[in-house]
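**Q** Handing you this structure, nothing more for now.
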Amino acid sequence: MVEQSIPADSVSALRESALAAAGVRGIFTNLIDGKGVGARNTLDVLDPATGELLAKVPDIERDGMDAAFAAARRAFSSWSKLTWEARRSILEKAFENVKAHREELVTLLMAEGGRPRSLALWEVAAVLDDFAPGVLAQSLPDVETTQPGVGRVTRHYAPLGVVAAISPWNLPLLLSYDKVVPALIAGNTVVLKPSFYTPLTVLRVAELVRDILPAGILNVVTGGDNVGPWMTSHPEADKISFTGSTQTGRRVFESASQTLKHLTLELGGNDAGIVLPDVDVDAAIAPIFWGMFLVNGQGCITIKRLLVHESRYDEMAAALSKFAAEQVLGDGFDPATTIGPIQNRAQLLRLQATWAAIQKDSVAVLYRGDEIEGKGNFFPVTILDNPSPHADYVKLENFGPLRSLIKYGTIDEAIEIANSTDYGLGGSVWGRDPAELDAVAHRMEAGTVWINQHLVVNPNVPFGGNKDSGFGVQYGAEGLKEYCYLRVISAKT
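Counting along the sequence shown from 1, when you hit position 415 you're at 415 in the UniProt record's numbering, and nothing is skipped either side.
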């Protein structure tokens, strides 16, 4: 069902009413040692659809950062000694309180992320109804064996200590709490820094759990570009869990190496989707489109390059163009909107620079939506028509709704194109023959390869990158172990 657009003044009134109900206008606080804490200076959080000020958040100083890590270190002593069951009970109670404020979180995500309501609902539900309960159900019980000549051997997974978690702006709630929840259930304490572009939803959740969680086990801080380096080099941080660009990830790696901190990096991606000759275009077009353009294409594991067999290229091109034309770019508070703005001005400028280079090279364009004038960060859905797979604007990670449809002749050619990138985060294969789908999937150099789907993640299924897309694993037992060290106890028998 397609929603009808409403007048601009009605959208504005709807926004103001929702923001007032969610208590957005004002100054948010950090969470340090169980208390709401401000700072001498603040940062502005802007609405990407209007360019207007939403709220202010603390721009933390170094002494505030030190206080957060000190609180986390103090809390670790008692929190780590609790059983998995005791920690689970406390965390479940905290998230039950968050669930009672679901609508506030949806509004905050719509405002700071520029989200259509459906997408904000999806992210909140993904955290509260899927990811958090899924991870909280996990544990790493001791494994005991007997080895000849050694005796009784016990493998025990012990928490690392204080985790420094750094999350990005594209999926702020999910990519913050997918670090916080496994770290806490495993017995660690956390200092979390959300992006200064999208901190509001994360800070609101922290406020909602503040009086339930023991003081110091979760600390949430906000600040400018200097805060990340403070965290990654901090002597009290035992592990860093970072999601962001490969360029920044390299700096995190270098900083962490000075003190040999444990490290998980989930970095950039230039995912390829390979469409086989036997694909059912009608069935595949919706999941392929949203695999390319979910969160307005602002996703590390969205499809950036769709490789289509030459026998089906024209059919797929027509279907993709038609589906794109049915979408509505606009303000997320307009019920008709299906695709919102770019989250921040800096990212919009990068996309515009790439688009200018494409125009200069006279690249064929399969589809480009209408421009929107005004102060919002709007960039229309744009699909390039069979560009060179080796062009710079195809090989880089276009973080926004700029995608390439590329023709191939043989499977070997498709695999060569798919793997001809420094990234290796995700990929997908689309078709009907299970044997061929599996064969192609096994040749893709990516940490996760989906078959007839994309962007499907689950708290029980490991997820990690290859090549310049990072290292380490999130989710599943493998991801939980990343927040622990293995203590082996050998007892003579």
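Ideal placement from N, C-alpha and C gives every residue a C-beta, glycine not left out.
Taking the alpha-carbon of residue 199 as reference, which of 110, 414, 314, 13 has the nearest alpha-carbon?
**A** The shortest C-alpha separation from residue 199 is found at 110.
**Q** Under three-state DSSP, which class holds residue 185?
**A** Here residue 185 sits in helix by DSSP.
**Q** Does residue 257 pass the burial test, meaning 16 or more other C-beta atoms within 10 Å, or should it be called exposed?
**A** Exposed, because fewer than 16 other Cβ atoms sit within 10 Å of the Cβ of residue 257.
**Q** To the nearest angstrom, how far is the alpha carbon of residue 195 from that of residue 217?
**A** Whole-angstrom Cα-Cα distance: 20 Å.
**Q** Would you mind reading off the limits of the beta strand (DSSP E) that contains residue 382?
**A** Its beta strand (DSSP E) spans residues 382-385.
**Q** Report the CB separation of residue 364 from residue 385 in whole angstroms; it is logged as a contact under 8 Å.
**A** At roughly 4 Å, the Cβ-Cβ gap stays under 8 Å, so residue 364 and residue 385 are in contact.
**Q** Would you give the residue range spanned by the alpha helix (DSSP H) that residue 449 belongs to?
**A** Premise fails: residue 449 lies in the beta strand (DSSP E), 448-451, not in any alpha helix (DSSP H).
**Q** Could you check which residue in 244, 181, 127, 62 has the C-alpha nearest to that of residue 40?
**A** When each option's Cα is compared against that of residue 40, the closest is 62.
**Q** Where in the stretch 133-176 do unbroken runs of the beta strand (DSSP E), each at least 3 residues long, occur, reported from the N-terminal end onward?
**A** As far as the stretch 133-176 is concerned, its whole beta strand (DSSP E) runs of at least 3 residues are 143-147, 151-159, 162-166.
**Q** For the stretch 176-185 and the stretch 29-36, state whether three or more C-beta atom pairs, one from each stretch, are separated by less than 8 Å.
**A** Output reads no: the stretch 29-36 does not touch the stretch 176-185.
**Q** Rounded to the nearest angstrom, what separates residue 155 and residue 132 at their Cα positions?
**A** Cα-Cα distance, rounded: 26 Å.
**Q** Would DSSP call residue 472 helix, strand or coil?
**A** Reduced to three states, the DSSP call for residue 472 is coil.
**Q** On the three-state DSSP scale, how would you describe residue 58?
**A** In this structure, residue 58 counts as strand in the three-state DSSP scheme.
**Q** Tell me, please, which residues DSSP counts as bridged to residue 307.
**A** DSSP lists 274, 406 as partners of residue 307.
**Q** Taking only the alpha-carbon atoms, compute the straight-line gap between residue 123 and residue 171 and give it to the nearest angstrom.
**A** Taking the straight line from one Cα to the other gives about 8 Å.
**Q** Under 8 Å, with one C-beta from each stretch per pair, do the stretch 343-358 and the stretch 181-193 reach the 3-pair mark?
**A** Too few Cβ pairs lie closer than 8 Å, so no.
**Q** So, does the CB of residue 459 fall closer than 8 Å to a CB anywhere in chain D?
**A** Considering every chain present, this structure includes no chain D. It has just one protein chain.
**Q** Skipping 5 residues on each side, what residues in its chain have a beta carbon closer than 7 Å to that of residue 159?
**A** The residues are 80, 186, 187, 188, 483, 484.
**Q** So for residue 17, helix, strand or coil by DSSP?
**A** Here residue 17 sits in helix by DSSP.
**Q** Determine the direct distance from the alpha carbon of residue 243 to that of residue 457, and round the result to whole angstroms.
**A** Rounded to whole angstroms, residue 457 to residue 243 spans 16 Å at the Cα level.
**Q** Less than 8 Å between the CB atoms is what I'm expecting for residue 31 and residue 210, so what's the real figure, rounded?
**A** Indeed, because the Cβ distance is near 6 Å, the residues count as touching under 8 Å.
**Q** Less than 8 Å between the beta carbons of residue 448 and residue 471, yes or no?
**A** No. Outside cutoff.
**Q** Can you tell which of 415, 87, 113, 459 has its C-alpha closest to the C-alpha of residue 271?
**A** Comparing Cα positions, the closest option is 415.
**Q** Is residue 395 closer than 8 Å to residue 51 when the C-beta atoms are compared?
**A** Their beta carbons are not under 8 Å apart, which means residue 51 does not touch residue 395 by this criterion.
**Q** Sorted by chain position, which residues of the same chain lie with C-beta nearer than 8 Å to residue 229's C-beta, five sequence neighbours on each side aside?
**A** If we look at residue 229 and ignore the five residues flanking it on each side, its Cβ neighbours are 251, 255.
**Q** Apart from the five residues just before and just after residue 108, which ones in its own chain have a Cβ nearer than 7 Å to its Cβ?
**A** Excluding sequence neighbours, residue 108 sits near 22, 24, 200, 201, 204.
**Q** Let's test the definition: count the other Cβ atoms within 10 Å of the Cβ of residue 237 and tell me whether it reaches 16, buried, or not, exposed.
**A** Buried, since its Cβ has 16 or more Cβ neighbours within 10 Å.
**Q** Three-state secondary structure (DSSP) at residue 445?
**A** Three-state DSSP puts residue 445 in coil, outside helix and strand.
**Q** Applying the 10 Å Cβ sphere with the 16-neighbour rule, what's the burial state of residue 260?
**A** Classification for residue 260: exposed.
**Q** Can you give me the Cβ contacts of residue 214 inside the same chain, cut-off strictly under 8 Å, excluding the 5 residues immediately before and after it?
**A** Closer than 8 Å at the Cβ level, and outside the excluded window around residue 214, lie 34, 75, 78, 79, 90.
**Q** Is the beta carbon of residue 340 closer than 8 Å to that of residue 115?
**A** A contact, by the Cβ cut-off of 8 Å.
**Q** Hey, could you find the ends of the alpha helix (DSSP H) residue 264 is sitting in?
**A** Note, residue 264: premise wrong, no alpha helix (DSSP H); beta strand (DSSP E) at 262-266.
**Q** Compute the distance between the beta-carbons of residue 265 and residue 481, then report whether it is under 8 Å.
**A** In this structure, residue 481 does not lie closer than 8 Å to residue 265 by Cβ.
**Q** Taking the CB atoms as reference points, tell me whether residue 150 and residue 490 lie closer together than 8 Å.
**A** Closer than 8 Å, so yes.
**Q** Do residue 120 and the ligand ADP come close, with the Cβ less than 7 Å from some heavy atom?
**A** Absence of the ligand ADP from the depicted structure is noted, as is the absence of any ligand whatsoever, leaving it without description.
**Q** Alpha carbon to alpha carbon, how far is residue 300 from residue 398? Give it in angstroms, no decimals.
**A** Approximately 9 Å, taken between the alpha carbons.
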